[in-house]
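To start, the structure under review is shown below, and the notes come after it.
There are 2 protein chains.
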Amino acid sequence: VDVRTGLPVVGMVGGGQLARMTHQAAISLGQSLRVLAESPDDSAALVAADVRIGTHTDLSALREFAKGCEAVTFDHEHVPNEHIATLAAEGVAIYPGAAAIAFAQDKRLMRERLGAMGAPVPRWRTVSSLSDISDFGQDVGWPLVAKATRGGYDGRGVWMLSSPADAVELVESGTELIVEERVPLLRELAALVARSPFGQVAAYPVVETVQRDGICVQVLAPAPELPDALSIAAQQLAIDLANELGVVGLLAVELFETDAGIVVNELAMRPHNSGHWTIEGARTSQFEQHLRAVLDYPMGETSLTAPAVVMANVLGGQPGGISIDERLHHLFAEDPGVRVHLYGKQVRPGRKIGHVTVLGDDMTPVRARAVRAARWLQEGTP
Amino acid sequence: VDVRTGLPVVGMVGGGQLARMTHQAAISLGQSLRVLAESPDDSAALVAADVRIGTHTDLSALREFAKGCEAVTFDHEHVPNEHIATLAAEGVAIYPGAAAIAFAQDKRLMRERLGAMGAPVPRWRTVSSLSDISDFGQDVGWPLVAKATRGGYDGRGVWMLSSPADAVELVESGTELIVEERVPLLRELAALVARSPFGQVAAYPVVETVQRDGICVQVLAPAPELPDALSIAAQQLAIDLANELGVVGLLAVELFETDAGIVVNELAMRPHNSGHWTIEGARTSQFEQHLRAVLDYPMGETSLTAPAVVMANVLGGQPGGISIDERLHHLFAEDPGVRVHLYGKQVRPGRKIGHVTVLGDDMTPVRARAVRAARWLQEGTP
């Protein structure tokens with residue numbers, strides 16, 4: 001514990017916006033998040049008091065970082081699994097554990113395990129050669145989705161293949177791949193749960209996520225007109241996965257909604273973009289919930305604070321135009337009710353630099369306001 | 001501006017819980033609050049990245065602190081007025097300005113000015129000798145309320161006088177005093193507004209404040225069963241005062257509700273305990289609103305996020321019992337919906353160490369939950 005406060009210290013590996021927003025939540029709990037950042041200019045390092053500079057692949061840096069922490073957790077899933085296992089063996093309370101996070105780090109492992117559990121997944125196979133892809137395409141039909149088994153995010157590490165020819169370069173690059181059928185989806189959903197070491201699991205309302213170029217651009221909470229049965233099925237699936245995989249902390253299950261029900265797309269084991277709406281839109285934010293989970297506190301209430309909540313990501317726009325500060329002025333003048341979250345990140349086209357959240361009674365106008373607000377910050381015009 | 005983010009830097013003088021919660025709000029706006037703290041263990045210094053150590057009475061420390069800030073503001077009202085004037089003359093955007101904050105620093109000035117404006121105030125007079133008190137008591141009746149003109153807070157600097165004899169020691173101590181009639185109050189209210197340099201003013205719903213031993217222990221938002229006319233009168237009074245006094249930033253007007261209407265008790269020009277409920281209970285928190293005001297951003301929406309919101313302060317209890325961390329576990333198990341804010345402060349009996357907020361549809365159960373939660377954290381028993 002922090003001897004100055006008598007309250008626990010949580011360390012988060014990675015200094016991105018998830019750590020930044022987790023620090024905000026930690027402050028309410030009387031804590032100050034310890035952050036392992038690559039650079040003092042990282043999003044979380046700009047705002048946190050207890051920042052250590054180091055690399056998540058460096059075991060000795062991780063070991064030093066963990067000293068004095070009641071719990072260590074992650075802003076991303078790139079810490080080598082063997083390092084997580086080593087620290088746990090040395091007595092560090094590090095969550096999610098190596099056995100669990102492996103399923104968020106490696107899509108092949110995830111698909112195998114989910115298949116074995118009987119969870120709904122797309123048809124898929126591992127790839128050792130180009131002919132594996134051709135054969136699979138012949139079985140399930142083109143196009144196919146190829147995914148790097150490790151390291152992909154925000155649309156990176158995912159490729160649409162219309163024919164075997166599309167795969168030649170990819171296979172030659174030596175990237176470890178799986179291929180999946182392209183699921184005929186109605187829309188994408190996400191089910192977010194948190195699980196503590198004690199085994200308590202709390203589930204948030206199921207949301208709709210809207211992607212563009214593989215990047216989440218909007219989240220609608222709750223998912224509009226989602227039948228109760230599907231909503232319950234999605235929550236139950238996420239709860240089962242959290243229990244089966246032994247997740248501690250948050251688990252975000254990205255889902256496809258299809259005519260036949262839900263299918264698991266991806267897993268993430270950390271605060272997740274599909275849960276940013278919870279900061280204002282749920283009684284307990286995902287960031288506080290993650291802290292409560294890794295510290296084995298009882299979970300917080302997950303209910304909505306308004307009938308309709310929409311989060312829209314702010315992506316970096318093209319260079320030029322008015323400054324981000326001026327954009328903020330204009331946006332605040334136009335819509336005094338929008339909630340803004342800026343991450344302190346340098347603007348690069350397509351990079352997530354912030355998000356906005358709007359709450360209200362009806363999804364349609366709430367969504368329109370959120371989209372407009374995000375566009376203001378992104379493009380400097382309404 | 002912070003060259004790393006392109007966003008403004010606000011400096012706050014004082015490292016207490018108000019600065020701590022303002023830093024939390026600054027993070028959402030892409031900023032990192034710069035804090036001038038007395039000690040690295042101050043509440044805000046524990047969580048903020050940009051902390052300077054120095055004393056608010058030291059002009060050169062203030063001058064150094066202000067360098068590179070787009071705006072400088074305060075966590076308390078103890079910065080010498082002449083230092084504020086000096087910095088402003090040197091080109092620092094320091095808010096509220098010396099002319100305005102004087103009315104929050106000096107109760108005699110405040111009473112004179114409000115009287116001249118025709119604002120409703122208790123009958124009062126300045127004190128140069130014991131006979132001033134006796135005479136005034138004979139005019140308005142005993143008991144009287146004596147107040148130190150400067151430096152009082154949380155019940156300090158306020159004395160109830162039943163007779164002239166009660167005042168002897170006080171007058172002999174040389175404390176500069178005013179005396180006021182004891183207003184026959186029904187309850188206490190507070191009206192919170194924010195004003196920008198541009199002149200925009202935003203008003204929050206009027207709240208009821210419950211005091212014990214001169215310390216605010218509960219805030220009920222909105223003030224239950226407050227007639228519309230009184231609510232509008234209180235808001236209008238606070239708006240008029242903000243405009244007349246040239247306040248920039250937050251202005252909290254503490255009011256007595258009497259049979260004859262409202263009477264001004266005190267003014268505060270900073271985020272205020274009567275506004276902590278706004279973190280979850282209003283669309284824009286008072287901390288964000290204060291930042292928006294001192295940066296001359298357009299003001300945020302002030303509407304309630306739930307029909308009933310109650311904030312209860314957590315005061316330090318007697319030493320002993322289970323740790324604050326264990327108390328938090330128990331509280332979270334008992335009420336997963338309560339919002340907790342701990343300030344990272346050492347526990348001392350009667351010291352404000354945190355607060356809790358509960359939101360809901362009906363004031364009575366919401367209030368009961370908030371009181372119970374605060375008691376858990378305070379006493380370690382339900």
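Protein chains in written order, with the working numbering: chain A, 1 to 382; chain B, 1 to 382.
Note that the Cβ used here is the ideal one computed from N, Cα and C, for glycine as well.
Give me, in chain order, the residues of the same chain whose beta-carbon lies closer than 6 Å to that of residue i; leave out the 5 immediate sequence neighbours on both sides.
i	result
A/E181	P122, R123, V140
B/L59	H83
A/A374	A312, V314, V356
B/I94	V72, I84, L87, A88
B/R414	With chain B covering only 1 through 382, there is no way to say anything about residue 414 of chain B.
Name the DSSP bridge partner or partners of residue i?
i	result
B/K147	B/V158, B/I178
A/H330	Looking at the DSSP assignment, A/H330 forms no beta bridge with any residue, so it has no partner.
B/Y153	B/R156
B/I2	Sequence inspection shows Asp at residue 2 of chain B; the Ile mentioned does not correspond to that position. Its beta-bridge partners are B/L7.
B/A282	B/L304
B/E266	B/E254
Taking buried to mean at least 16 other C-beta atoms within 10 Å of its own C-beta, is residue i buried or exposed?
i	result
B/I232	exposed
A/R212	exposed
B/M12	buried
A/D325	buried
A/D42	buried
A/A89	exposed
A/D75	buried
B/V168	exposed
B/G320	exposed
B/F383	Nothing can be reported for residue 383 of chain B, as the shown portion of chain B is limited to 1 through 382.
A/I353	buried
A/S32	buried
A/T5	buried
A/Q236	exposed
Please report how far the alpha carbon of residue i lies from the alpha carbon of residue j, in whole angstroms.
i	j	result
B/H355	B/H341	5 Å
A/A148	A/D106	9 Å
B/V206	B/I239	12 Å
B/S303	A/P80	47 Å
A/G9	B/Y343	Sequence inspection shows Val at residue 9 of chain A; the Gly mentioned does not correspond to that position. Each residue's alpha carbon lies about 15 Å from the other.
B/L161	B/F287	37 Å
A/L295	A/G152	29 Å
B/L250	B/M269	5 Å
B/P222	A/P271	34 Å
B/R52	B/A61	9 Å
A/V218	A/L189	One detail in the question is off: residue 218 of chain A reads as Gln in this sequence, not Val. Cα-Cα distance, rounded: 11 Å.
A/R34	A/M21	13 Å
B/V210	B/W376	19 Å
B/F103	A/Y204	48 Å
A/V183	B/A45	51 Å
B/R351	B/A333	25 Å
B/T258	B/A146	20 Å
Starting from the Cα of residue i, find the closest Cα among the options and give me that residue.
i	options	result
B/H276	B/V3, B/S28, B/T57, B/T357	B/T357
B/I27	B/A37, B/L46, B/L7, B/G15	B/L7
A/D132	A/V179, A/A61, A/G97, A/R195	A/V179
B/D362	B/L328, B/V309, B/Q318	B/V309
B/L36	B/Q17, B/F65, B/R20, B/L29	B/F65
A/P385	A/L328, A/R327, A/G317	Nothing in the structure corresponds to residue 385 of chain A, since chain A is present only between 1 and 382.
A/V1	A/E379, A/G15, A/T57, A/C69	A/C69
A/A119	A/V253, A/E379, A/R327	A/V253
A/D135	A/G115, A/L114, A/A165	A/A165
B/L114	B/G97, B/L241, B/T305, B/A191	B/L241
B/S173	B/T209, B/A190, B/A191, B/S129	B/S129
A/S187	A/V171, A/Q31, A/P224	The question names Ser, but residue 187 of chain A is Arg in the sequence shown. Selected option, being the one with the closest Cα: A/P224.
A/F256	A/T278, A/R351, A/L226	A/L226
B/N273	B/S163, B/L328, B/E208	B/E208
Report all residues from its chain with a CB closer than 7 Å to the CB of residue i; omit the five preceding and five following residues, and keep chain order.
i	result
B/R369	D335, V338, V358
A/D154	G214, I215
B/E244	M117
B/A25	S285, F287, E288, L291
B/G137	L144, P164
B/Q378	V314, L315, G317
For the ligand FAD, any of its heavy atoms closer than 7 Å to the Cβ of residue i?
i	result
B/D335	Judged by which ligands are present, the structure shown has none, so any question about the ligand FAD falls away.
Report all residues from its chain with a CB closer than 8 Å to the CB of residue i; omit the five preceding and five following residues, and keep chain order.
i	result
A/M299	A194, S196, Q200, V201, A202, T284, Q289, R292, A293
A/V385	With chain A represented from 1 up to 382, any question about residue 385 of chain A goes unanswered, as that position is not in the structure.
In chain E, which residues lie less than 8 Å from residue i when you measure between Cβ atoms?
i	result
B/S39	No chain E is part of this structure, whose protein chains are labelled A and B.
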